[in-house]
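Asker:
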Amino acid sequence: MENRREFLKIACVAATAAVLPKVASASHFAQGSVPPDQDDISTGGSLRAHATARNFLVGCAAIPQKFSTEPPYAGAVADQANILVAENAMKWAALRPAPDRFDFHAADELLAFTQAHGQKLRGHNLCWHESIPAWFAGTVNKDNARQFLTQHIQTVAGRYAGKIHSWDVVNEAVDTKSGRPDGLRKTPWLEFLGPSYLDLAYHTARQADPTALLTYNDYGIETDSADDAAKREQVLRLIQGFKKRGVPIDAIGVQSHLSATGPLPGRGLRDFVRELRRMNLQVFVTELDVNEQKLEGSEQECDAIVAKIYKNYASMMLAEPNVTALLTWGITDRYTWLNGPKLARLDGRPQRCLPLDANYRPTPVFFALRDAIDTRRKAT
Ligand code: 9MR
Numbered sequence: 005m006e007n008r009r010e011f012l013k014i015a016c017v018a019a020t021a022a023v024l025p026k027v028a029s030a031s032h033f034a035q036g037s038v039p040p041d042q043d044d045i046s047t048g049g050s051l052r053a054h055a056t057a058r059n060f061l062v063g064c065a066a067i068p069q070k071f072s073t074e075p076p077y078a079g080a081v082a083d084q085a086n087i088l089v090a091e092n093a094m095k096w097a098a099l100r101p102a103p104d105r106f107d108f109h110a111a112d113e114l115l116a117f118t119q120a121h122g123q124k125l126r127g128h129n130l131c132w133h134e135s136i137p138a139w140f141a142g143t144v145n146k147d148n149a150r151q152f153l154t155q156h157i158q159t160v161a162g163r164y165a166g167k168i169h170s171w172d173v174v175n176e177a178v179d180t181k182s183g184r185p186d187g188l189r190k191t192p193w194l195e196f197l198g199p200s201y202l203d204l205a206y207h208t209a210r211q212a213d214p215t216a217l218l219t220y221n222d223y224g225i226e227t228d229s230a231d232d233a234a235k236r237e238q239v240l241r242l243i244q245g246f247k248k249r250g251v252p253i254d255a256i257g258v259q260s261h262l263s264a265t266g267p268l269p270g271r272g273l274r275d276f277v278r279e280l281r282r283m284n285l286q287v288f289v290t291e292l293d294v295n296e297q298k299l300e301g302s303e304q305e306c307d308a309i310v311a312k313i314y315k316n317y318a319s320m321m322l323a324e325p326n327v328t329a330l331l332t333w334g335i336t337d338r339y340t341w342l343n344g345p346k347l348a349r350l351d352g353r354p355q356r357c358l359p360l361d362a363n364y365r366p367t368p369v370f371f372a373l374r375d376a377i378d379t380r381r382k383a384t
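In our numbering, the protein residues as written are 5 to 384.
#1: What does a CB cutoff of less than 6 Å around Val289 pick up in its chain, not counting 5 residues either side in sequence?
#2: Using the three-state DSSP reduction, which class does Asp293 fall into: helix, strand or coil?
#3: Leu260 by DSSP, collapsed to three states: which one?
#4: Nearest to His128 by CA position, among Gln286, Ile313 and Ser170, is which residue?
#5: Given this structure, state the Cα-to-Cα distance separating Trp132 from Val178, to the nearest angstrom.
#6: What did DSSP end up calling Val251 once you bin it into helix, strand or coil?
#7: With a Cβ-Cβ cutoff of 9 Å, do Tyr314 and Leu350 count as a contact?
#8: Spell out a yes or no on whether the segment 62 to 70 and the segment 324 to 344 are touching, meaning 3 or more CB-CB pairs, one atom from each, closer than 8 Å.
#9: According to DSSP, is Gln119 helix, strand or coil?
#10: Sort Pro252, Gln123, Leu204 and Tyr339 by Cα distance to Phe152 and report the nearest one.
#11: Going straight from the alpha carbon of Thr367 to that of Leu358, what length do you get?
#12: Compute the Euclidean distance between the alpha carbons of Ala120 and Asp104, then round it to the nearest angstrom.
#13: Is Ala97 near ligand 1, judged by its Cβ being under 8 Å from some heavy atom?
#14: Run the proximity test for His156: is its beta-carbon closer than 8 Å to any non-hydrogen atom belonging to ligand 1?
#15: Any idea if Ser200 is buried or exposed, counting beta-carbon neighbours within 10 angstroms, 16 or more meaning buried?
#16: Between Ala264 and Leu285, is the Cβ-Cβ spacing less than 9 Å?
#17: Run through the segment 301 to 334 for me and flag every whole alpha helix (DSSP H) of 4 or more residues, listed as ranges in chain order.
#18: Taking 9 Å as the threshold (C-beta atoms), are Leu130 and His156 in contact?
#19: I need the DSSP call for Pro40, collapsed to helix, strand or coil.
#20: Look up Tyr220 in the DSSP assignment and say whether it is helix, strand or coil.
#21: Out of Asn363, Arg278, Ala216 and Val144, which one is the CA nearest neighbour of Ile253?
#22: Which partner residues does Arg124 have in the DSSP bridge list?
#23: What is the rounded straight-line gap between the Cα of Leu268 and the Cα of Ala111?
#24: Excluding sequence positions up to five away, which residues of its chain have a Cβ less than 8 Å from the Cβ of Lys382?
#25: Helix or strand or just coil, what does DSSP make of Thr208?
#26: Can you tell me whether Thr367 is helix, strand or coil according to DSSP?
#27: Could you name the residues of the same chain whose beta carbon sits closer than 7 Å to that of Thr159, not counting the 5 residues immediately before and after it, in chain order?
#28: If you measure from the CB of Glu91, is any heavy atom of ligand 1 nearer than 8 Å?
#29: For ligand 1, any of its heavy atoms closer than 8 Å to the Cβ of Gln259?
#30: Cα separation between Arg365 and Arg338?
#31: With H, G and I counted as helix, E and B as strand and the rest as coil, what does DSSP make of Ala383?
#32: Of all the options Ala230, Ala93, Tyr220 and Phe71, which has the alpha carbon lying nearest to the alpha carbon of Gly270?
#33: Suppose you measure from the CA of Leu347 to the CA of Ile225; what does that come to, to the nearest Å?
#34: Using the rule of at least 16 other Cβ atoms within 10 Å of the residue's Cβ for burial, across every protein chain shown, is Glu91 buried or exposed?
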C-alpha cells in the first residue's frame, strides 16, 4: 500500500507537470511559501499555495474512483486543494449496499489520498433525504429508524474519528415550502422520528467523533431574493434551537450553487454570516459553482461573467473572519454535475464553471478565486 501511494504521488506530480505547464505543483510550495510574483502563473501559484500561506482552507469535491485511472485528475486535486470532500463516496447510497453491509472502499481511498497529500477531509454527509439506497424504502420504518440512523452515524463517523475536519451531519433539512410552521423538509427521517431526528443525529455524531466540526449544510440561502432570505431565517431558527437545547453544532455550510442568470449573494448573506459569528459558529462555503446554463454570449464573455461572480462572492465571504474554508463542487469542468443532462447549457456548449477546464487548464474562474484568496491577510 505504502509503495502504491508513493507511486501515485509521483505519478500525480509528473502527470500534472505534463498536463498543466502553467500551474506549478503544490510540492514546490510544500512549506506553504508562495513564489515572489504570485500573479505570474508561469512561476507557479496554485490555489492551495495561496490559501495555505494565508491559513485558509481551499478545496473541492473529489471523485476517488478517478485517482488511479486518471493521473491528471489526481494531480490537479492534490495540487489545488488543502481540503477535500467526497462528491458522492460518503453518502448512504455509496456506503450502504445492503441494510446489514457497509462498503468503505471509495471513502477509504479518499482518506488515504488526503493523508498522502497532507490535506484535510470533510465528511459529506451522515443524514440526507437524497442519495438513499434502493433498499431503504422497504426496510426502514417508524420502529427501526432510530436504530438505523444512530448505527449509521456511529459506524461511519466512528470509523473516521479523529481524521475528519468537519462532518455535514444533516444536509438540507429545511424547506420553507413544506407548509410546516417549523420549516422542516418532509423527509423519511422527519416522518419516522419527528423533528428530534436532528438533535439525535448531532448528539450521535459528537459521541462518535468528538473532534470533527459538526456542520449543518444547506442551499438556497445565498442570495438576496425573498425565497433565500426566508430560508436563511428558517436555518437561523434551527441553529438557535440547537444552541438553546445544547445540541452540538460548530459550523454552517453554505453550499453556494450560484446562478449566473439568477439573483446574486449580497448583504443578506453577509449579515447572516456575521450573526453566526456572534453565535461562535464557523462558516464554510461548501459546494461553490456558478451555473451558466442560460447565460448568452461567446465563451469568452460568459467566462468573464462567471469569473466575476466568483471573485465578488469569494471576496465577500473571505472578508468575514469566521469563514474558514471554501470548496468548489469539483475541480475540473470535465466532471461537474452542471454538465449533466438536465443542467447542460441550452446552446450545447459545455459549462465552464470550475477552476480548471475539461483539459485541466486554468480558467478565468481559477484566477478569480486566487485573487479572492489573496484578499485574505497572509499568515506571519
Ligand atoms: O454532484 C452530486 C451528484 O453527482 C449526485 O448524483 C447527487 C445526488 O447524490 O448529488 C450531487 O451533489 C449534491 C450534494 O451532495 C448536496 N448539494 C447539492 C449537490 C448537487 O446536486
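Where a beta carbon is used, it is the ideal one built from N, C-alpha and C, also for glycine. As the structure is a prediction and not an experimental result, all values here were calculated from the model.
Answerer: From the atom records:
#1: Your numbering for residue 289 matches position 285 in the sequence shown. A distance below 6 Å between beta-carbons, with the five flanking residues on each side excluded, links Val289 to the following residues of its chain, in chain order: Val258, Ser260, Met321 and Leu330.
#2: Residue mapping note: residue 293 aligns to position 289 of the sequence shown, counting from 1. When DSSP states are grouped into helix, strand and coil, Asp293 belongs to the strand group.
#3: What you label residue 260 is simply residue 256 of the sequence shown in a count that begins at 1. Strictly speaking, residue 260 in this sequence is Ser, with Leu absent from that position. Residue state, collapsed to three classes: coil.
#4: For the purposes of this step, residue 128 is taken as the residue at position 124 of the sequence shown. Proximity to His128 across Gln286, Ile313 and Ser170 peaks at Ser170, based on C-alpha coordinates.
#5: Along the sequence shown, one-based indexing puts residue 132 at 128. Along the sequence shown, one-based indexing puts residue 178 at 174. Computed Cα separation, rounded: 11 Å.
#6: As a first step, residue 251 must be located in the sequence shown, where it is residue number 247. Val251 falls in the coil class under three-state DSSP.
#7: Position 310 of the sequence shown, counting from 1, holds the residue named residue 314. Position 346 of the sequence shown, counting from 1, holds the residue named residue 350. Taking 9 Å as the cut-off, the Cβ atoms of Tyr314 and Leu350 do not count as close.
#8: Result yes; three or more Cβ-Cβ pairs closer than 8 Å.
#9: The residue you call residue 119 lines up with position 115 of the sequence shown. Correct three-state label for Gln119: helix.
#10: For the purposes of this step, residue 152 is identified with residue 148 of the sequence shown, where counting begins at 1. Measuring from the Cα of Phe152, the nearest candidate turns out to be Leu204.
#11: As a position in the sequence shown, residue 367 is number 363, starting the count at 1. As a position in the sequence shown, residue 358 is number 354, starting the count at 1. Computed Cα separation, rounded: 7 Å.
#12: The residue labelled residue 120 in the question sits at position 116 within the sequence shown. The residue labelled residue 104 in the question sits at position 100 within the sequence shown. C-alpha separation (whole angstroms): 31 Å.
#13: Within the sequence shown, residue 97 is the residue found at index 93, counting from 1. Checking every heavy atom of ligand 1 against the Cβ of Ala97, one is found closer than 8 Å.
#14: Start at 1 with the first residue of the sequence shown, and residue 156 comes out as number 152. Judged by the Cβ position, His156 fails to qualify as a neighbour of ligand 1 at the 8 Å threshold, every heavy atom of the ligand being at least this far.
#15: By 1-based counting over the sequence shown, the position of residue 200 is 196. So Ser200 counts as exposed.
#16: On the sequence shown, position 260 is the one that residue 264 refers to. On the sequence shown, position 281 is the one that residue 285 refers to. Going by C-beta atoms, Ala264 is not nearer than 9 Å to Leu285.
#17: Within the segment 301 to 334, the alpha helix (DSSP H) runs of at least 4 residues that lie entirely inside it are, in chain order, 303 to 322.
#18: Looking up residue 156 in the sequence shown gives position 152. Looking up residue 130 in the sequence shown gives position 126. Yes, the pair counts as a contact, with Cβ atoms nearer than the cut-off.
#19: Numbered from 1 along the sequence shown, position 36 holds the residue referred to as residue 40. Caution is warranted here: a pLDDT of 42 is assigned to Pro40, below 50, making its placement in the model unreliable, and the coordinate value is therefore given only provisionally. The answer is coil: DSSP assigns Pro40 none of H, G, I, E or B.
#20: Mapped onto the sequence shown, residue 220 falls at position 216. Three-state result, Tyr220: strand.
#21: Start at 1 with the first residue of the sequence shown, and residue 253 comes out as number 249. Looking only at Asn363, Arg278, Ala216 and Val144, the smallest Cα-Cα distance to Ile253 is reached by Ala216.
#22: The residue labelled residue 124 in the question sits at position 120 within the sequence shown. One detail in the question is off: residue 124 reads as Lys in this sequence, not Arg. Here Lys124 is bridged, per DSSP, to Ile87.
#23: Reading the sequence shown from its first residue, position 264 is the one you call residue 268. Reading the sequence shown from its first residue, position 107 is the one you call residue 111. Answer to the nearest angstrom: the Cα atoms are 34 Å apart.
#24: As a working mapping, residue 382 is identified with position 378 in the sequence shown. Same-chain partners within the cutoff: Ala57 and Arg58.
#25: Along the sequence shown, read from residue 1 onward, the residue named residue 208 stands at position 204. DSSP places Thr208 within a helical segment (H, G or I) once states are collapsed to three.
#26: As a position in the sequence shown, residue 367 is number 363, starting the count at 1. In the three-state DSSP reduction, Thr367 falls in the coil class, being neither helix nor strand.
#27: Numbered from its first residue, the sequence shown carries residue 159 at position 155. Within its own chain, the residues whose Cβ lies closer than 7 Å to the Cβ of Thr159, once the five positions on either side in sequence are excluded, are Phe106, listed in chain order.
#28: If you number the sequence shown from 1, residue 91 lands on position 87. Glu91 Cβ: within cutoff of ligand 1.
#29: The residue given as residue 259 occupies position 255 in the sequence shown. In this structure, Gln259 has its beta carbon less than 8 Å from a heavy atom of ligand 1.
#30: Here residue 365 is taken as the residue at index 361 of the sequence shown, counted from 1. Here residue 338 is taken as the residue at index 334 of the sequence shown, counted from 1. Going by the C-alpha atoms only, they are around 11 Å apart.
#31: The residue you call residue 383 lines up with position 379 of the sequence shown. Of the three classes helix, strand and coil, the one that applies to Ala383 here is coil, per DSSP.
#32: Residue 270 sits at position 266 when you count from the first residue of the sequence shown. The candidate whose alpha carbon is nearest that of Gly270 is Ala230.
#33: Position 343 of the sequence shown, counted from the start, is the residue given in the question as residue 347. Position 221 of the sequence shown, counted from the start, is the residue given in the question as residue 225. Each residue's alpha carbon lies about 20 Å from the other.
#34: Reading the sequence shown from its first residue, position 87 is the one you call residue 91. Under this definition Glu91 is a buried residue.
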